[in-house]
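Numbering (the working numbering), first residue to last: 45 to 261.
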């Protein structure tokens, strides 16, 4: 396949830039137990990494939208104080960001994580300088899905040519959110998504490791 010539590249955060499951799964366990649920092992809670948390609480535990919102608030009690730093940057990812910047690409973050937390995590790992814009959900969960976050980033950056931008993410939520926003998505196979679901959702290309992303441009 020919090299991609998109100018703008939007990166997901959890499962794409950071291996973030320790802090997320421990905070989900905290929320479940605070609301009277018996929590499974932490490995089983990795499905919560990436998708909107309220939707996952509803899907996995049959709670109402209102209850899901309450559980997200409880989750954030632990995540915003401790959990957000219980993560690591994927090996090779920073080098990929450097190479993309050297190629003249404009990089942004589009994450379902609250924007403030995303900025703190990226600052913590010294990655903020690679990105022209860091976009995420609001503290009141007003950007409730990936489509809303992507559209927010596109609007904030003044991007009107959808052919000049591509998303990079690890789950089918990223692929579907990108499609609903009118852009393509590179699916990464090293994160928390399921390869078959990425393909079924219509991922434009697949990257086995962070280094592969830079080679696509």
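Cβ atoms here follow ideal geometry from the backbone N, Cα and C, with glycine treated the same way.
1. So residue 194 packs on residue 221, CB below 8 Å; how close in whole Å?
2. Which same chain residues, not among the five before or five after residue 177, have their C-beta less than 8 Å away from its C-beta?
3. So, helix, strand or coil for residue 101, using DSSP?
4. If you follow the alpha helix (DSSP H) that residue 137 is part of, which residue opens it and which one closes it?
5. Within this structure, are the beta carbons of residue 119 and residue 71 separated by less than 7 Å?
6. Quick one: is residue 156 buried, meaning 16 or more other Cβ sit within 10 Å of its Cβ, or exposed?
7. Going by alpha carbons, who is nearest to residue 162 out of 247, 145, 180 and 188?
8. Pull up the distance between the alpha-carbon of residue 168 and that of residue 129, whole angstroms please.
9. With 16 as the cutoff for other CB atoms within 10 Å, does residue 108 come out buried or exposed?
10. Taking only runs that begin and end inside the segment 140–207, name each unbroken beta strand (DSSP E) of 3 or more residues, in chain order.
11. Measuring alpha carbon to alpha carbon, tell me which of 218, 235 and 239 ends up nearest residue 229.
12. Cutting at 8 Å between CB atoms, please list the residues of its own chain near residue 133, excluding the five before and the five after it.
13. When the distance is taken between beta carbons, is residue 93 closer than 7 Å to residue 58?
14. On the three-state DSSP scale, how would you describe residue 53?
15. Pull up the CB-CB distance for residue 224 and residue 191, whole angstroms please, since I reckon it's below 8 Å.
16. Please indicate yes or no: does the CB of residue 66 lie closer than 6 Å to some heavy atom of the ligand COA?
17. According to DSSP, what are the bridge partners of residue 250?
18. Could you pull the start and end residues of the alpha helix (DSSP H) that residue 116 belongs to?
19. Check this for me: beta carbons of residue 52 and residue 209, under 7 Å apart or not?
Per the coordinate set shown:
1. As a position in the chain shown, residue 194 is number 150, starting the count at 1. As a position in the chain shown, residue 221 is number 177, starting the count at 1. With a Cβ gap of about 6 Å, residue 194 and residue 221 count as contacting.
2. In the chain shown, residue 177 corresponds to position 133, counting from 1. So the list reads 152, 153, 197, 200 and 201, once near-sequence residues are dropped.
3. One-based indexing of the chain shown puts residue 101 at position 57. The answer is helix: DSSP assigns residue 101 an H, G or I state.
4. Here residue 137 corresponds to residue number 93 of the chain shown, with the count starting at 1. Per DSSP, residue 137 belongs to the alpha helix (DSSP H) from 137–146.
5. In the chain shown, counting from the first residue as 1, residue 119 sits at position 75. In the chain shown, counting from the first residue as 1, residue 71 sits at position 27. Result yes, Cβ atoms of residue 119 and residue 71 sit closer than 7 Å.
6. On the chain shown, residue 156 is found 112 positions in, with the first residue counted as 1. Answer is buried; the Cβ neighbour count reaches 16.
7. Indexing the chain shown from 1 puts residue 162 at position 118. Closest by alpha carbon: 180.
8. Position 124 of the chain shown holds residue 168. Position 85 of the chain shown holds residue 129. Approximately 8 Å between the Cα atoms of the pair.
9. Along the chain shown, read from residue 1 onward, the residue named residue 108 stands at position 64. Label assigned to residue 108: exposed.
10. 150–158 and 177–181
11. Within the chain shown, the letter at position 185 stands for residue 229. The residue with the shortest Cα to Cα distance from residue 229 is 218.
12. In the chain shown, the residue the question calls residue 133 occupies position 89. Answer for residue 133: 61, 62, 63, 169 and 171, listed in chain order.
13. Stepping through the chain shown from its first residue, residue 58 is reached at position 14. Stepping through the chain shown from its first residue, residue 93 is reached at position 49. In this structure, residue 93 lies closer than 7 Å to residue 58 by Cβ.
14. What you label residue 53 is simply residue 9 of the chain shown in a count that begins at 1. Looking at residue 53 - three-state DSSP - the assignment turns out to be strand.
15. Against the chain shown, residue 224 aligns to sequence position 180. Against the chain shown, residue 191 aligns to sequence position 147. Sure, about 4 Å apart at Cβ, within 8 Å.
16. With respect to small molecules bound, the structure shown includes none, and the ligand COA cannot be examined in it.
17. Along the chain shown, one-based indexing puts residue 250 at 206. DSSP, once it has assigned bridges, lists 231 as partnering residue 250.
18. Stepping through the chain shown from its first residue, residue 116 is reached at position 72. Here the alpha helix (DSSP H) through residue 116 covers 109–123.
19. The sequence position of residue 52 within the chain shown is 8, counting from 1. The sequence position of residue 209 within the chain shown is 165, counting from 1. A contact, by the Cβ cut-off of 7 Å.
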